Structures are given as structure tokens and as C-alpha cells.
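Here is the structure we will look at.
Residue numbers (full-length UniProt numbering): 1 to 889.
Put into C-alpha cells, the structure is as follows:
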């Protein structure tokens, strides 16, 4: 009998069935020993000797293996096929050898990248010895992480009370998040304008073109910088006699993305499924270990920790057969697609993440899977099939338009799908900005001829503002870490989890926001350990670890090179006085700790005593801002908030008689704001332009919180006229028309006559700094039978389209808006949702934010004060079935 050791009991059961009599398969439940959490577990002065201890919870598993070995002929180590799996096998062998359980029995190492009978039997026939290079790389990484954690964290605790700990890799990830937040806070929006013309062909077909040349010169993004320049440009276009100068038509091919590696799976699962990195890996683990199909446990996907995008010839052949059978020969490229891994050391598994059997389509196994498993398997199956499908062919058209004097130039672009290719099955997810940028290219252009004269139906200027860089999502953070070469695929999920567990960052609307604690830690590390949290330094160290794994570098040489200067820096910082540390943080976090004041007063002057200086203070419960005149002056405030009059951070204004909720005026990071009620979703609003905190009483607060306010009805259109407040200021709006209020107008008192006068003004003057809404008229088609949401037919700037719950779909050329049915509209919406990867949302799910706030919408500014955004505490993802205990990824 041979003893086989794998990592999880689920795999143990499956593999024992495949191997049959003569084998007993045991689970190690991940690592069986680790470095103890105490000083000197790694001893640099003893040539980096490492002290290991057996984990208490693994002793029973080890005893079972030891007992079985007494009557066995051979030990076969079959832990996971990566660096960590190699280390687990090494630990097992070390422990069993010390227990004298091995004796002279042969020991073999086997790896399999999928849990199928064929793969397991093939692996057993190709056994090898333990890979010492992979083990050395593991030892180096584990020693580095220990040395950084157990020497740097005590410095943090001494010099920055309230801090949790620091880590070699996660501190770099935290730095990226904090630096992005600094960019957002320092960002100053820049105004720019575009001019768009709705043109008409001789056949009365209409299309939209954008102004690209003015006065014979090509326009840059910011060349039309204000409303006056926009009106001049608009007037010039209106006066011009326009014709088609040039039409460029070309076909382009779009090729599919490679199959999934660990990081791309995490990114796509985040974008399309809303999964966190840890949730993705947990579900993928279950799919890898297998499910019961027809009385047999079968692994559905290959190993999910991999840098590789390679596919075996067998997998490619299986995928091509499925594609030909399900989609037709025209969807097969002439030759198989071969993808090469770009990573310097594409370590771990030898294949991309793919279905173990391409012929096992998602519908065949859906009834055997939990909801998360079904969705992730479908994503992996579709991506794998798509990567072997033919390229999509797009017909792209660029129309250049101008006047005879070459003073005015416009451009219209559009594209159609000539052959959908892989897009028939799969399209990679895009973030919001990518979707907005690419949406304009998806329009259809009418049949136009060169030299044809064009009429003008309408010319409109549109105001825009540049936007700050977005906060990191899990997907974009993983992508950035991978781009910088920081960490490895198996570590991304744990990096993100550690940052959240230590309360260094939080997720708001699926984006990372640094907590005050995280910003303080990052500022401290930047001040005193900048080199060690530099992305380039960390990436360089990762490359050295890869060199160790490749057998090109000694692991102890890597440790020696790192340890000497790092230990010297630790000793130096430990000698620094806390006062010096605080002054460094005051300087690094100046704009965060001491925001500019509206009255121009010194941001660091104490608003209470008038003579003291504000500074960061460190207490046993964390950091805060306090006055230098303590204890005579006891002024303090939490981090990241401005203050009201007298230095207060909040003021109770009264109680809403209708709801019995308290109404507060509060100070936040981005200024004063109002709040009614408490709980998860209290009503909030910023103050309108011209209103100062000192002037806000209960009655005024109630008026502001009641916005938007209906002023009356437009006698021409019959549409209601409203006064609204949003992140860009105060506006009046009616239907698709919106105008910004002047400085002398008051959003709480502006009347109907003034609102109508503003709405009748030139569209360029005071237009809202958002993309103008398209629809000007429309009709209800009924309720979507799946979601219950209203389906509407609207007339947009690119023609008629249907919309439901955040998804828009343009009508096809042969469709008559007058006779369009609900069924046809729903079919269009489903097709658009499938192409964009943006599902039509049903009841109970968050809808897309509307471009224009409705009467029932919140008037809260998008620049919400810190602490004013109600977020639910993220709950841990609960797997459908209890997964075995595993090592941390």
C-alpha cells in the first residue's frame, strides 16, 4: 500500500476513488507547521536559521499519516502544484522524518493541475523529487515577511500608537491607495467645451458630428475653454455651409483576450460578478476540488493559482471541437490561438485556468452547482472558448465634414459589427469610463456620399469638466499590483484582506478609501522607510525571489543583502523622539490634518483659545488633532474633519416633527453638511452656494433637505420645473433642460419666471457640467416581465432608443418607433446587456445613477464628508458548502 498526501479532504476522497485499491489518501489541511509568533523565530545572526513549530490543529492529521506509514511501501506527496504546495510537502517530509516515520521508504512528489482521473493517473506515472529551488524561494519569502513584520511593527507601535502592523507587500498596496486619495483631494477640475451638430443628409437621415477644426486650426481638448468661446464656435458652425469632405471606411479585427490567469480571473470576476478577490478564490477552489457528477467527484477547472496563459494542445483541441459544433466552422480561426505568458518567471501551474473538459458546458452542470459556482464556472468556460474563436470583424467609418473655406471641420465616427466572431459568446468587462468612451463609437451612420451637402438640424455646445482619477476597485488594484510586479497571483486576495482586517482601508461603493489609521501609517513609512515601500524596490525583491525559484540565486544571499541596511534603518528610527515623528507627520499630512479655512485663517491656529497651534496627537485610542496649549486649552477633534463656528464639529438644529428624526449641522472633510436621522442611510445634503454654517437654522435646514423643489410647470412643454442641488452647485431643470443658477439666485426661493428665463437662455450658458441628457420625448411600453421595471421608448440625440433600469439600446434601422412592442424592446435590452456585460437589474438591486436627479432623488453632494457616507459593514462571503481549512493564499 502507498500513502498519498494532498491538501484538502475533498481532493483526498476524489483521488482515492481514481487510484483504487493499493492507495490510501490523506489530507494535510494545508500547512502543518509555521514560524511561531515570537521574536527570534528567524535568526539573522545564526545564518538565518529558522525555528518551526507544528500547528496544534494539524497534529491529528499528522498522527493519522504516521500511523498509515507504518504499514505502507511508499510516501507520495501530492500537494498543490505551486511554490507553496512544494513547501507544504517539504514541511510534511521534515516532520515525518523527525518522527522517524519514513525510515527507508521511498518518497515521491507528484503534481496534477486538475482533479480528473486521467490527470491524476498521468501524474502518478510521472513522479519526481522535491524541487529544492522552489523550497528555497519559499524560505526566503517567509523569512523576509517575518523579519519585516517582527522588526518594523514594534517601531510603529512605539512611535505611532494605535497602529496595527506593517508588512513587506501590503504596505506598498496601502501606499498606492493613499497616494490615489491624495491625487483626488488635490485635483482641480478644468472646464472645457465641445460643440456637436445634428446634421441631415439629402435623404433626410440625421447623424451627429463633433467640431474638430475652428478658424482653420485643429482643436485641442481645452481650446474651447468657456461658455463665451463655446457660443462663438457654435455661431461659426451655424453660419457654415457644410458638405462631406472625406469618408474613410475600413475593416478592423478585434481578437479575443487570453484565457484566465489568477489575476485576470480576479479582475473579471470583480467587474462582471461583483466578487471580491477572496470570494473568487474560494469559489474557484471548490470548482477545482470537484463536485459530484453522476456519482463521481469531478474537478471542473484546472488549478486556480497560476501566472500562465498557456493551454495544452488537448485543451485547445477540445475547445475547437466545441466551437465548431455549437457555433459553426466560421467561428474557428484557421489555426489554434497560442498565448504566451509575459511574466518574467511564469511560475506555479503550467496552464491557464480553464475547464477540465471543454465539452462540459455550463448548462450541463448548472443544477449541480451553487449560485456562485455556477456563475464563476460559466465565466471561465466562456473565456476559454472565446480565446479560441475567430476574431470579430468591425466596419469602421470616419466622416470628415467641413465648409468650402476650410475654416470649419467636423468629424463623425461609427462602427458596425460585420462578423461577431468571439463576441457572439464573450466580451471582456470594462470600467465605467471605458464604457462611456467606447459607447460613442458604437453608433450607426447613415449612407453618406463624399461631396454631399449637409443641412443643420441643431448645433449645441456642451460643457464638460475633467474628472479626478478614480479610486481603486479590487480589480484595478490587482491590475496595478500586477503591472508593478508587486506580490504574486496567490497573494493578492490575502493582501486585500489584511488591509481591510487591520482597518487601514474600507470599501465604499466597491472602491477603496483609506482610513485615517491607514493614512497615518503610510505617512510614517514614507517619512522613515520610504525605500522599503517603494514599488520598484518591492518589485525588484520579487524578481530576486523568482531568481531563487529558478535556481539562479542563493536564498540566503538575498536575505543578507536585504537585512543589513534594513536593520540599520530600524535602529536609527527607534532612536528618534516621538515629537520628531509627529512633526514629520504634520508636514506629510498637512492638507489632510489642517484643511484650509474659508475665512483664510491659519489652518493650524487653534479655533478655541486663539493662541495655540494645532498638531497631531497620539493617544492610547489612536491619533487626533489637539491644541499645543493643553491642558489650559482642551480643544480636540477627530482626524479628517473641518470645524464649524467655535471649533465644534457638529450642532443639533432641531427635530423633524414629521419623522421625529434629529437634524444636525456637521463638519466633514469636504466642508459642512446637513444630516437628518441616523442609521445606515440618513438623509444628507451639502450647503447651497452662498450659505454659511453660522446662518443655518432649523427652518433653513429643512428646506435644504427637502430639495429638489418643484417650482411650477413649463407652459410650453407641460414639464415640471424644479430647483435642484448637486455636486456642481444649484440648478433649475425641466425635462432634459438644465441651467445653473447665477450667484444672485437662491435655490430655496427662485421663482417660476426666473427659472423659465434661465431655461430659455442659450444652452451653453450655465449648462450643467455633465453629458447632456438625450431624450426630449417618449412613451411607456410597459413593465419588463423579468424585473418589473418600466421600459420606455425615448428620442435621443442619436435617434430613438429604449431604456430600462440603466440599460439603453438603440432601435435597429428596420424598426418603426410608432409600432415598437414591449417584447421587441425587451429583446433589444437583453442583447445590449449581454454585449456590455452589464445585466439588466431586477428588483432590490442598485440601479445606475441617473444623470439628472428626479424629484425623489437625494440632493446630497457627491463630495460627501468623511464619515457621512453610510456603508454597511462588509460581511464575509459564505460559501455554499463548508470548505476545508486551507493555507492563506
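Glycine residues also receive a C-beta, built at the ideal position from the N, C-alpha and C atoms.
Since this is a predicted model, take the numbers as computed values, not measurements.
In the DSSP assignment, what are the bridge partners of residue 685?
-> 674
Q. Mind checking whether residue 446 and residue 207 have CB atoms under 9 Å apart?
A. yes
- Task: Could you pull the start and end residues of the alpha helix (DSSP H) that residue 136 belongs to?
- Result: 132–159
Q | Inter-residue spacing [alpha-carbon to alpha-carbon] between residue 429 and residue 264 | A | Answer to the nearest angstrom: the Cα atoms are 11 Å apart.
Thinking C-beta only, is residue 421 closer than 9 Å to residue 444?
Between residue 444 and residue 421, the gap from beta carbon to beta carbon reaches 9 Å or more.
Query raised in the report: What residues match up with residue 808 in a beta bridge as DSSP calls it?
Result: Partner(s): 803.
Worksheet entry | Integer Cβ distance of residue 289 from residue 10, believed to fall under 8 Å | 4 Å
Exercise for review: Report the rounded CA-to-CA distance for residue 575 versus residue 581, giving the unit in angstroms.
Suggested key: 11 Å
Requested in this report: With a threshold of 8 Å, establish whether the CB of residue 691 neighbours any heavy atom of the ligand FMN.
Outcome: The ligand FMN is absent from the structure shown, which contains no ligands of any kind.
Rounded Cβ spacing between residue 297 and residue 353 (contact assumed at less than 8 Å)
Not really, about 19 Å apart at Cβ, beyond 8 Å.
Have a look at residue 653 and residue 610 and give me their C-alpha separation to the nearest angstrom.
For residue 653 and residue 610, the distance between alpha carbons rounds to 26 Å.
Check your understanding: If you draw a straight line from the C-alpha of residue 602 to the C-alpha of residue 710, how long is it?
Key -> 41 Å
Local conformation of residue 483 per DSSP, three classes: helix
| So which of 308, 511, 577, 314 has the shortest CA-CA distance to residue 488? | 308
| request: Note down the Cα distance separating residue 657 from residue 187, rounded to an integer number of angstroms. | output: Rounded to the nearest whole angstrom, the CA to CA distance from residue 657 to residue 187 is 41 Å.
Pull up the DSSP beta-bridge partners for residue 228, would you. BP columns for residue 228 are empty, so no partner.
Pull up the DSSP beta-bridge partners for residue 331, would you.
Per DSSP, none; premise fails for residue 331.
For residue 489, does the three-state DSSP call read helix, strand or coil?
-> helix
Go through its chain and collect everything with a Cβ distance to residue 114's Cβ below 8 Å, but skip five positions before and after it. 288, 299, 301, 302, 303, 356
### Query
residue 17 by DSSP, collapsed to three states: which one?
DSSP places residue 17 within a helical segment (H, G or I) once states are collapsed to three.
Would the stretch 14–26 and the stretch 114–130 be scored as touching if the rule is three or more Cβ pairs under 8 Å?
-> At 8 Å Cβ cutoff, the stretches touch.
Sequence-distant residues of the same chain with beta carbon closer than 6 Å to residue 248, five excluded per side
398
**Message:** When you compare the stretch 678–692 with the stretch 724–732, are there three or more beta-carbon pairs, one atom per stretch, that lie closer than 8 Å?
**Reply:** These segments touch.
### Task
Give the straight-line distance between the Cα atoms of residue 751 and residue 499, rounded to the nearest whole angstrom.
Rounded to whole angstroms, residue 751 to residue 499 spans 51 Å at the Cα level.
### Cα-Cα separation between residue 322 and residue 275, rounded to whole angstroms
Between residue 322 and residue 275, the C-alpha separation is close to 28 Å.
Could you check what DSSP says for residue 565 in three-state terms: helix, strand or coil? If DSSP states are grouped into helix, strand and coil, residue 565 belongs with the helices.
Q) DSSP three-state call for residue 455: helix, strand or coil? A) Residue state, collapsed to three classes: strand.
Notebook entry, point to check: Under the three-state reduction of DSSP, which class applies to residue 206: helix, strand or coil?
Noted result: strand
Could you check whether residue 107 and residue 88 sit closer than 9 Å to each other, using their CB atoms as the reference points? no
Can residue 105 and residue 69 be called in contact, C-beta distance under 9 Å? yes
- Query: Going along the chain, which residues of its own chain have a beta-carbon closer than 8 Å to the beta-carbon of residue 868, five neighbours each way excluded?
  - Reply: Confidence is the limiting factor: at residue 868 the pLDDT is only 38, short of 50, which leaves the residue's position unreliable, though a coordinate-based value still follows. These residues qualify, in order along the chain: 666, 668, 673, 675, 684.
- Query: Are the stretch 518–531 and the stretch 155–171 in contact at 8 Å, needing three or more beta carbon pairs?
  - Reply: yes
Outcome for residue 389 when other beta-carbon atoms lying within 10 angstroms are tallied against a minimum of 16: buried
According to DSSP, residues forming a beta bridge with residue 74:
2
If you draw a straight line from the C-alpha of residue 856 to the C-alpha of residue 182, how long is it?
Note that residue 856 scores 33 on pLDDT, short of 50, meaning its location in the model is unreliable and no value can be drawn from it.
Item checked: Beta-carbon proximity list for residue 26, same chain, < 8 Å, skipping 5 on both sides -> 3, 4, 5, 6, 12, 61, 64, 65, 68
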